[in-house]
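Participant: Supplied in structure tokens, the structure appears directly below.
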Amino acid sequence: MTEVIKKSTLTMLRVPVVLCLVWVAVWVGVFSESLESVYSVWMNSNTYTHCIFVVPITLYFIYQNRVEILSLPPRPSYVVLVPMLLLQGLWLLGFAADIELFKHAAVFGMLSSFVVLLFGWQIAKVVWFPLVFIVFSIPVGEELVPSFQIITADLTVFFLQLSGVAVFRDGLFITIPAGMFEVAEACSGIRFFVACVVMGAVIAYTSYHTIWKRILFFVFSMTLPIVANGLRAYGTILVAHLVDIKYATGADHLIYGWGFFALVVLILVAFSRIGSEPSKVFAGSDSIHLEWLSVRWYPAALVAVLPLFLSLFVSSSAVKDSSYLAFDKRFQPGNTVYITARTDWMPVFSRPKFEHLGVSTEGVAYYIAGYDTNEPGAELVSEKNRLFDIGKWRYNGNQSLAVSRVGGEEFQASLLEIGASTGGKRLVLYWYYLPNISSSNSLYVKLFQAFNVLLREGAVGAVIALSVPVDSDMETAKHKLLSFANLNSEQLESLVLFN
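Counting from 1, one number per residue, gives the positions in the sequence shown under the numbering used here.
Structure (structure tokens):
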């Protein structure tokens, strides 16, 4: 029989509650910069506004299960120290490489890990959903915008063809007899998707208890906004085809707003009534288990707080600024091009220490930008940096290529195809250059930068981009660009002088 004690709940829970508050205070103090960062994203990005409600919802679901939680014996699980240390490592990588996703994921992952460490697996099973749901506090999803643009364009063209509308597609540009449309970033539907996934998780948890029903509904909540956004884009173009393009332009902004989102939410709620199951009521004792008074809380709390101080110590000794970075154009393959507003192709990088645009005798334009820090807004690898001006060019596709140096060494570069609304096209081949690697894999480069920072070598690095216009044949332009890279990659990298 479960042992219970008839002391006041507040008296029995005083120690664990105080320890939780102390741990949270230390957590906030150590990771205040990361928490300020994530809060800023929540408040300034319409895509992640809903994230601010995730923590209150999480606490509500835990409170809802309070009777069952208190009826179980708390048994600290010290094995959870291992994932907590791994999360500290993830945060340190994010700190060193300035990868906000890593920092945010680690910070919120620590909350769930702390609960399991302090109270044990038996209680964690009761509150499994809140511990997982906290993941939705992490502002992630906008990285999928290019993929969602392509999916939206695919669906739109598919629906137009089903309707018998003559349609021509060039990348993200869709042309019908009434006019040309572009699937822009704002048309990707990522806001619908992220919000619907969060709502779908809550509805699946509250409406169903059978595992397969929960999974099925959650998958439905991910599929619905994607298909719905494709239908929205299709409807916009169909209005232009059947009525007039000026009505489509106005309808696009109207339908994309809260009205369309409300319709999607209503569909989600309506489908949740299909096969819904009544809420489970805890049938056990409402008494508090004796072990809430006898458990040894202090060792568990001490173990839980040590990884936080480890992160504080390592991060305070890291070096994020490099001591030396320079550019030497004496041996550049060609001539300097003076950057003006009329320059045809020009990457847009935020606050580099230096940037240089040149053109070779073969007609290949090349751009080099160097960074000696990893501060927000002045970092080598960032979603703010663009290999082309989005006001002039649009992304049409990309592929990975192997650049072979004269000595036989190979490294990975990325080839972008960009197009202008006027019909012109260009190819852009680029890679990042650090003291120890050359690669276009942004995550790979970020990780190497992180290791360099933690090893006190700084975050120095550069981006090198080459570009040629596509005058006639795409393969000819590609061959010209790759041949130039094979012969001149080392010479271009030698222009960047590290410490």
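Beta carbons are placed, not taken as given, at the ideal position from N, Cα and C, and that holds for glycine. Since the structure is predicted, the reported quantities are computational estimates derived from the model, not experimental observations.
(1) Going by the beta-carbon positions, is the gap between Phe-148 and Phe-218 smaller than 8 Å?
(2) Helix, strand or coil for His-479? Go by DSSP, reduced to three states.
(3) For Pro-225, name the three-state secondary structure that DSSP assigns.
(4) Starting from the C-beta of Met-110, find all residues in its chain whose C-beta is less than 7 Å away, skip the five residues before and the five after it, and write them out in chain order.
(5) Taking the alpha-carbon of Ser-350 as reference, which of Gly-358, Ile-368, Gly-363 and Ser-360 has the nearest alpha-carbon?
(6) By the three-class DSSP mapping on this structure, what secondary structure does Glu-375 have?
(7) Please report how far the alpha carbon of Leu-118 lies from the alpha carbon of Ala-462, in whole angstroms.
(8) With distances taken from CA atoms, which of Leu-416, Val-67, Val-55 and Phe-411 is nearest Asn-436?
(9) So, at 7 Å on beta carbons, what are the nonlocal neighbours of Ala-326 in its own chain, with the 5 sequence-adjacent residues on each side left out?
(10) Run through DSSP, which three-state label would Met-180 get?
(11) Verify whether the separation of the beta carbon atoms of Leu-416 and Leu-481 is less than 8 Å.
(12) How long is the line joining the alpha carbons of Ala-402 and Phe-102, rounded to whole angstroms?
(13) Take Phe-484 as the anchor and find which of Gly-370, Arg-169 and Val-406 has the nearest alpha-carbon.
(14) Can you tell me which residues form a DSSP beta bridge with Arg-394?
(15) Going by the beta-carbon positions, is the gap between Ile-464 and Leu-492 smaller than 8 Å?
(16) If you drop the 5 nearest sequence neighbours on each side, which residues of the same chain put their C-beta closer than 8 Å to that of Ser-221?
(17) Please report how far the alpha carbon of Val-381 lies from the alpha carbon of Gly-363, in whole angstroms.
(18) Assuming Trp-23 and Ala-301 make a contact with CB atoms under 8 Å, what is their CB distance in whole Å?
(19) For Gly-408, which of helix, strand or coil comes out of DSSP?
(20) In terms of residues, what are the limits of the alpha helix (DSSP H) holding Tyr-444?
(21) What separation, rounded to the nearest whole angstrom, lies between the Cα atoms of Arg-273 and Val-227?
(22) Which same chain residues, not among the five before or five after Val-55, have their C-beta less than 8 Å away from its C-beta?
(23) Should Glu-240 go down as buried or exposed, given a rule of 16 or more other Cβ atoms within 10 Å for buried?
(24) Return helix, strand or coil for Ser-124, following the three-state DSSP convention.
Facilitator: Taking the geometry as given:
(1) On the sequence shown, position 148 is the one that residue 148 refers to. On the sequence shown, position 218 is the one that residue 218 refers to. For Phe-148 and Phe-218, no; Cβs fall outside 8 Å.
(2) Translated into the one-based positions of the sequence shown, residue 479 becomes position 479. In this structure, His-479 counts as helix in the three-state DSSP scheme.
(3) Taking the sequence shown and counting its residues from 1, the one referred to as residue 225 is at position 225. In the structure shown, Pro-225 sits in a helix (DSSP, three-state: H, G or I).
(4) As a working note, residue 110 is residue 110 in the sequence shown. Counting only residues of its own chain and dropping the five nearest sequence neighbours on each side, Met-110 has a CB closer than 7 Å to the CB of Trp-27, Met-84 and Leu-87.
(5) Residue numbering aside, residue 350 sits at position 350 when the sequence shown is read from its first letter. Minimum Cα distance to Ser-350 is reached at Ile-368.
(6) As a working mapping, residue 375 is identified with position 375 in the sequence shown. Looking at Glu-375 - three-state DSSP - the assignment turns out to be strand.
(7) In the sequence shown, residue 118 corresponds to position 118, counting from 1. In the sequence shown, residue 462 corresponds to position 462, counting from 1. Going by the C-alpha atoms only, they are around 45 Å apart.
(8) Indexing the sequence shown from 1 puts residue 436 at position 436. Of the candidates Leu-416, Val-67, Val-55 and Phe-411, the one whose C-alpha sits nearest the C-alpha of Asn-436 is Phe-411.
(9) Residue numbering aside, residue 326 sits at position 326 when the sequence shown is read from its first letter. Taking Ala-326 as the centre and dropping the five residues before and after it, the same chain places the C-beta of Leu-497 closer than 7 Å to its C-beta, in chain order.
(10) If you number the sequence shown from 1, residue 180 lands on position 180. Note: Met-180 maps to strand in three-state DSSP.
(11) Counting from one through the sequence shown, the residue named residue 416 turns up at place 416. Counting from one through the sequence shown, the residue named residue 481 turns up at place 481. Result no, Cβ atoms of Leu-416 and Leu-481 do not sit closer than 8 Å.
(12) On the sequence shown, residue 402 is found 402 positions in, with the first residue counted as 1. On the sequence shown, residue 102 is found 102 positions in, with the first residue counted as 1. Cα-Cα distance, rounded: 28 Å.
(13) For the purposes of this step, residue 484 is identified with residue 484 of the sequence shown, where counting begins at 1. Out of Gly-370, Arg-169 and Val-406, Val-406 has the C-alpha closest to the C-alpha of Phe-484.
(14) Locating residue 394 in the sequence shown gives position 394, counting from the first residue. Beta-bridge pairing links Arg-394 to Gly-419.
(15) Working through the sequence shown from its first residue, we reach residue 464 at position 464. Working through the sequence shown from its first residue, we reach residue 492 at position 492. Their beta carbons are under 8 Å apart, which means Ile-464 touches Leu-492 by this criterion.
(16) Start at 1 with the first residue of the sequence shown, and residue 221 comes out as number 221. Excluding sequence neighbours, Ser-221 sits near Cys-196, Val-197, Met-199, Gly-200, Ala-201, Ile-203, Ala-204 and Leu-268.
(17) Along the sequence shown, one-based indexing puts residue 381 at 381. Along the sequence shown, one-based indexing puts residue 363 at 363. Approximately 27 Å, taken between the alpha carbons.
(18) Taking the sequence shown and counting its residues from 1, the one referred to as residue 23 is at position 23. Taking the sequence shown and counting its residues from 1, the one referred to as residue 301 is at position 301. Right, their Cβ atoms sit about 6 Å apart.
(19) Along the sequence shown, one-based indexing puts residue 408 at 408. Coil at Gly-408, not helix or strand.
(20) Numbered from its first residue, the sequence shown carries residue 444 at position 444. Residues 442-454.
(21) Indexing the sequence shown from 1 puts residue 273 at position 273. Indexing the sequence shown from 1 puts residue 227 at position 227. So the alpha carbons of these two residues sit roughly 21 Å apart.
(22) Mapped onto the sequence shown, residue 55 falls at position 55. If we look at Val-55 and ignore the five residues flanking it on each side, its Cβ neighbours are Ile-134 and Ser-137.
(23) Here residue 240 refers to the residue found at position 240 when the sequence shown is read from its first residue. A small fix is needed here, since residue 240 is Ala in this sequence, not Glu. Ala-240 is buried by the Cβ-count criterion.
(24) The residue labelled residue 124 in the question sits at position 124 within the sequence shown. The amino acid at residue 124 is misidentified as Ser; the sequence shows Ala. Ala-124 falls in the helix class under three-state DSSP.
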